[in-house]
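**Student:**
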Amino acid sequence: MLKKWVLPVMAAVLALCSGCSEPAARSTLAERSYKASELDSRIVQASNAFGLRLHQATVAAKPDANVFVSPASVSMALTMAYNGAADSTREAMAKALELQGLPIDDINRAGKVWRDLLEHQGAGVQLTIANSIWTRKGKPLLEGFLQKNREYYGAEVIPIDFASSRAAGTINSWVKKHTNGKIERIVDDRPDGQTMLMLVNAIWFKGQWTRPFNESATAPGSFFTSPGASRQVPMMVQSGSFEYMQEAGFQAVRLPYGDERNMAMLLFLPEEGTGLDGLQSKLWTDAELWNRPFPTQQGVLELPRFKLEYGGRLNETLQALGMGEAFDPQKADFSGMAPVPPRLAINEVIHKTYVDVNERGTEAAAVTSVGMAGSAPPKNVFKMTVNRPFVMAIQDRETGSLLFLGTVRDPVS
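Numbering (full-length UniProt numbering), first residue to last: 1 to 413.
What follows is the structure, given as structure tokens:
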């Protein structure tokens, strides 16, 4: 019998810091628009569709917890592995990742353009994507597999002795570097003795609000984690002109980052007394809602300042989405990665995230008034108080990419 080696995929290792110190501009708007014209939108649609199902499955597994996932990052990491999958394993992964009917060459070319586009942000926003393939010393992988991931995903190929006591520390150092120190560990112990290779994806985002919140206006406020249960949180407040929408059952607002406003946070708040279930079901099934233009309206927004860390194994979640064969040592076929023997199967997908949402933003927009806070707004001015569980996302507006997607039930847990 052929020995079955294992493939850990450290997917979606990311850090998100909103409202941090100002980064340098990374590109011009013209450069970004040129890249956007080359993007095959099917790859974004696939990532978003996969991401909504991933968020739904994760919420189902942890119905009372905060959830924060990155559809883009998980799909990128698994697409690197997809390049080595064959036959029915590839079909199962394609179905789970919403890639059915897309030739692998089209997927890879679109993935490269997509990654380059996302990393081209203007002043006030910085987003970096890093991929790495850690290979077992003395166990060569197929050069075609490695070359595709180098060329299209910018992957570093790093030989390592997984049996060494230093292996975990070396991998964790790479993760810490590429998340700007926000995530320090992805490997807690020495990797499994049968580990053949490890795929790691890291995304780090740092964005300043186009219009910051006034720190002096932040004050304690009640956040209702459930009916009859509340806790005090620092509540930021801002008034002015917002991209805002109100429909039956919910309010929504879009808050842009940076000078060019290419990136934005989306906030969806269920109507008071209705809970999250109905709103989340609508968001999971109506993909167009995420890209719908919001009319501009005057109003007052109150939003908790919060910092969250999220992490865990995605094995069961991905298997529930149809990727079970890739985890099955008896059925998985990753013969596009390595000669047979060895045979490979995914044994672990780890996902860690970090998000920090606070008042800070670009200096040029720091004059925004908060004079309406604490007073009754005029009838033609909305008020949106995010004082109960809500859904949030970080979206690249030009492509519609859902980079980060979460449910916040307790901003101080």
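Cβ coordinates follow ideal geometry from the N, Cα and C atoms, glycine included.
1) Write down the C-beta distance between R397 and A264 rounded to the nearest angstrom, noting that I regard them as a contact closer than 8 Å.
2) Which two residues bound the contiguous alpha helix (DSSP H) that contains M80?
3) One question on the structure: do M392 and G406 come within less than 8 Å of each other, judged by their Cβ atoms?
4) Are there 16 or more other CB atoms within 10 angstroms of the CB of D189, so buried, or fewer, so exposed?
5) Check whether the segment 295 to 308 and the segment 232 to 240 are in contact - that is, three or more C-beta pairs closer than 8 Å.
6) Would you call the segment 126 to 143 and the segment 102 to 113 in contact, with 3 or more CB pairs under 8 Å?
7) Give the secondary structure of Q246 by DSSP, where H, G and I count as helix, E and B as strand, and everything else as coil.
8) Is I171 helix, strand or coil when you go by DSSP?
9) Give every residue of the same chain whose Cβ lies closer than 7 Å to the Cβ of E38, excluding the five residues on either side of it in the sequence, and list them in chain order.
10) Please report how far the alpha carbon of A248 lies from the alpha carbon of Y310, in whole angstroms.
11) Excluding the five sequence neighbours on either side, which residues of its own chain have a C-beta within less than 7 Å of the C-beta of L283, listed in chain order?
12) Going by C-alpha distance, which of Y82, K139, G400, G101 is nearest E325?
13) With respect to the alpha helix (DSSP H) encompassing E45, which residues constitute its N-terminal and C-terminal limits?
14) Residues in its own chain within less than 7 Å of Q319 by CB, not counting five upstream and five downstream?
15) Counting along the chain, where does the beta strand (DSSP E) carrying M384 start and finish?
16) Would you mind listing the alpha helix (DSSP H) stretches within the segment 260 to 335 that are 4+ residues and don't spill past its ends, in chain order?
17) Does DSSP classify N131 as helix, strand or coil?
18) Using the three-state DSSP reduction, which class does N149 fall into: helix, strand or coil?
19) Is it the case that the Cβ atoms of P304 and V386 are separated by a distance below 8 Å?
20) Do T58 and V69 count as a contact pair if the criterion is CB distance below 8 Å?
21) Between which two residues does the beta strand (DSSP E) containing V408 stretch?
22) What does the Cβ neighbour count give for G193, buried or exposed, with the cut at 16 atoms within 10 Å?
23) Assign F404 to buried or exposed, taking buried as 16 or more other Cβ atoms, counted over all protein chains shown, within 10 Å of its Cβ.
24) Among I160, H120, G154, E156, whose alpha-carbon lies nearest the alpha-carbon of K139?
25) Under DSSP, the beta strand (DSSP E) around N108 begins and ends at which residues?
26) Between A366 and the rest of its own chain, which residues show a CB-CB distance below 7 Å, the 5 nearest in sequence each way excluded?
27) What does I160 pair with, by DSSP beta-bridge criteria?
28) Per DSSP, which residues does Q251 bridge with? Please list them.
29) Is there contact between the segment 160 to 172 and the segment 44 to 55, where contact requires at least three CB pairs shorter than 8 Å?
**Tutor:** The relevant details are as follows:
1) As a position in the sequence shown, residue 397 is number 397, starting the count at 1. As a position in the sequence shown, residue 264 is number 264, starting the count at 1. That belief holds up - the Cβ atoms of R397 and A264 are roughly 6 Å apart, short of 8 Å.
2) Numbered from its first residue, the sequence shown carries residue 80 at position 80. Here the alpha helix (DSSP H) through M80 covers 71 to 82.
3) Reading the sequence shown from its first residue, position 392 is the one you call residue 392. Reading the sequence shown from its first residue, position 406 is the one you call residue 406. Yes; because the gap between Cβ atoms is below 8 Å, this pair is in contact.
4) Locating residue 189 in the sequence shown gives position 189, where the first residue counts as 1. D189 should be labelled exposed.
5) yes
6) no
7) For the purposes of this step, residue 246 is taken as the residue at position 246 of the sequence shown. Residue state, collapsed to three classes: strand.
8) Indexing the sequence shown from 1 puts residue 171 at position 171. Taken through DSSP and simplified to helix, strand or coil, I171 comes out as helix.
9) What you label residue 38 is simply residue 38 of the sequence shown in a count that begins at 1. Correct list, in chain order: V113.
10) By 1-based counting over the sequence shown, the position of residue 248 is 248. By 1-based counting over the sequence shown, the position of residue 310 is 310. Rounded to whole angstroms, A248 to Y310 spans 31 Å at the Cα level.
11) On the sequence shown, residue 283 is found 283 positions in, with the first residue counted as 1. The residues are F268, L289, V391.
12) Counted from its first residue, the sequence shown places residue 325 at position 325. Among Y82, K139, G400, G101, the Cα nearest to that of E325 belongs to Y82.
13) As a first step, residue 45 is located in the sequence shown; it is residue number 45 there, counting from the start. The sequence shown places Gln at residue 45, rather than the Glu named in the question. Looking at the DSSP string, the run of the alpha helix (DSSP H) that includes Q45 is 41 to 61.
14) Taking the first residue of the sequence shown as position 1, residue 319 is located at position 319. F327, listed in sequence order.
15) The residue given as residue 384 occupies position 384 in the sequence shown. Membership of M384 in the beta strand (DSSP E) is indicated by the continuous run 382 to 385.
16) Within the segment 260 to 335, the alpha helix (DSSP H) runs of at least 4 residues that lie entirely inside it are, in chain order, 277 to 285, 315 to 318, 324 to 327.
17) In the sequence shown, residue 131 corresponds to position 131, counting from 1. The answer is strand: DSSP assigns N131 an E or B state.
18) As a position in the sequence shown, residue 149 is number 149, starting the count at 1. The answer is helix: DSSP assigns N149 an H, G or I state.
19) Sequence index remark: in the sequence shown, residue 304 carries index 304 (1-based). Sequence index remark: in the sequence shown, residue 386 carries index 386 (1-based). Against a cut-off of 8 Å, the Cβ pair of V386 and P304 comes out as a contact.
20) As a first step, residue 69 is located in the sequence shown; it is residue number 69 there, counting from the start. As a first step, residue 58 is located in the sequence shown; it is residue number 58 there, counting from the start. A distance below 8 Å separates the beta carbons of V69 and T58.
21) Taking the sequence shown and counting its residues from 1, one reaches residue 408 at position 408. 401 to 408 is the extent of the beta strand (DSSP E) around V408.
22) Translated into positions along the sequence shown, residue 193 becomes position 193. Label assigned to G193: exposed.
23) Against the sequence shown, residue 404 aligns to sequence position 404. Under this definition F404 is a buried residue.
24) As a first step, residue 139 must be located in the sequence shown, where it is residue number 139. For the residues I160, H120, G154, E156, the minimum Cα distance to K139 belongs to I160.
25) Position 108 of the sequence shown, counted from the start, is the residue given in the question as residue 108. Segment 104 to 119 is the alpha helix (DSSP H) holding N108; no beta strand (DSSP E) there.
26) The count along the sequence shown starts at 1 and reaches residue 366 at position 366. Note on A366: pLDDT 18, under 50, position unreliable in the model; the coordinate value appears next. Only P212 meet the Cβ criterion.
27) For the purposes of this step, residue 160 is identified with residue 160 of the sequence shown, where counting begins at 1. Looking at the DSSP assignment, I160 forms a beta bridge with R136.
28) Counting from one through the sequence shown, the residue named residue 251 turns up at place 251. Per DSSP, Q246, L269.
29) no
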